[in-house]
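Peer 1: In our numbering, the protein residues as written are 6 to 200.
Glycine residues also receive a C-beta, built at the ideal position from the N, C-alpha and C atoms.
Following this message is one structure expressed as structure tokens.
Next up, the structure:
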């Protein structure tokens, strides 16, 4: 098997998927579904539509595997499909007003108090990051999500969004500044409420 480098591993499973083998499809879904969902969620704004978008995007990608150009990474190609599928979904569903509660599961009982505290800190951070991200424009949220959560390069984001590299760099710079300001404002307001 080809497991030396991540790209070779991806190519191995991609080839399996092209041949119609379940193992290939399962690997691709397991590897890329989380960021695909996050990206779709940032565009659609609710989990139900995001899940539909991800499912549709994987179906489109899998049905088009025979035409996939191996010059690009599969993930870049898939996220581009997710992006446009989500934009189409959003256009068709303008009346979406539901908010997503990403932390909707009840926290299981954990005997280790330090772990519970750490979970609260992480959840609190995530809450403020999501609130701040929601203050950004749609493309800014997407650029931040792809770059930081998806660890995509400027070139890959440029390809996914069909934007020039300089436009992506500028959007990323502006988004960072807006995100920083939004976080400062949110945290400052929180401190005022506590005091």
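Assign residue 27 to one of two classes, buried (16 or more other C-beta atoms within 10 Å of its C-beta) or exposed (fewer than that).
Peer 2: As a working note, residue 27 is residue 22 in the chain shown. Per the 10 Å Cβ criterion, exposed.
Peer 1: Take the Cβ of residue 152 as the centre, count every other Cβ of all protein chains shown within 10 Å, and call the residue buried at 16 or more, exposed below.
Peer 2: Taking the first residue of the chain shown as position 1, residue 152 is located at position 147. Burial call: buried.
Peer 1: Mark residue 170 as exposed unless 16 or more other C-beta atoms lie within 10 angstroms of its C-beta, in which case mark it buried.
Peer 2: The residue you call residue 170 lines up with position 165 of the chain shown. The residue in question, residue 170, is exposed, as its Cβ has fewer than 16 Cβ neighbours within 10 Å.
Peer 1: Counting C-beta neighbours from all protein chains within 10 Å, is the total for residue 35 16 or more, i.e. buried, or is it exposed?
Peer 2: Position 30 of the chain shown holds residue 35. Residue 35 is exposed by the Cβ-count criterion.
Peer 1: By the 10 Å Cβ neighbour count, where 16 or more other Cβ atoms means buried, how is residue 130 classified, buried or exposed?
Peer 2: In the chain shown, the residue the question calls residue 130 occupies position 125. Looking at its Cβ environment, which holds fewer than 16 other Cβ atoms inside 10 Å, residue 130 is exposed.
Peer 1: The alpha helix (DSSP H) with residue 156 in it runs from where to where?
Peer 2: Counting from 1 along the chain shown, the entry for residue 156 is found at position 151. Run containing residue 156: none; DSSP gives neither H nor E here.
Peer 1: Would you mind stating whether residue 136 and residue 46 have Cβ atoms separated by less than 7 Å?
Peer 2: Within the chain shown, numbered from 1, the residue matching residue 136 stands at position 131. Within the chain shown, numbered from 1, the residue matching residue 46 stands at position 41. Cβ distance not < 7 Å, so residue 136 and residue 46 don't count as in contact.
Peer 1: Could you check the C-alpha separation between residue 94 and residue 176 for me, to the nearest Å?
Peer 2: Counting from 1 along the chain shown, the entry for residue 94 is found at position 89. Counting from 1 along the chain shown, the entry for residue 176 is found at position 171. C-alpha separation (whole angstroms): 23 Å.
Peer 1: What three-state label does DSSP hand residue 19 in the structure shown?
Peer 2: Against the chain shown, residue 19 aligns to sequence position 14. Reduced to three states, the DSSP call for residue 19 is helix.
Peer 1: Can you say whether residue 146 is buried or exposed, counting buried as having 16 or more other CB atoms within 10 angstroms of its CB?
Peer 2: For the purposes of this step, residue 146 is identified with residue 141 of the chain shown, where counting begins at 1. With 16 or more other Cβ atoms within 10 Å, it is buried.
Peer 1: Sorry if obvious, but does the Cβ on residue 83 come closer than 6 Å to a heavy atom of the ligand MN?
Peer 2: The model on display carries no ligand, and the ligand MN is accordingly not part of it.
Peer 1: Would you say residue 48 and residue 65 are within 7 Å of each other, going by their C-beta atoms?
Peer 2: For the purposes of this step, residue 48 is taken as the residue at position 43 of the chain shown. For the purposes of this step, residue 65 is taken as the residue at position 60 of the chain shown. Cβ distance not < 7 Å, so residue 48 and residue 65 don't count as in contact.
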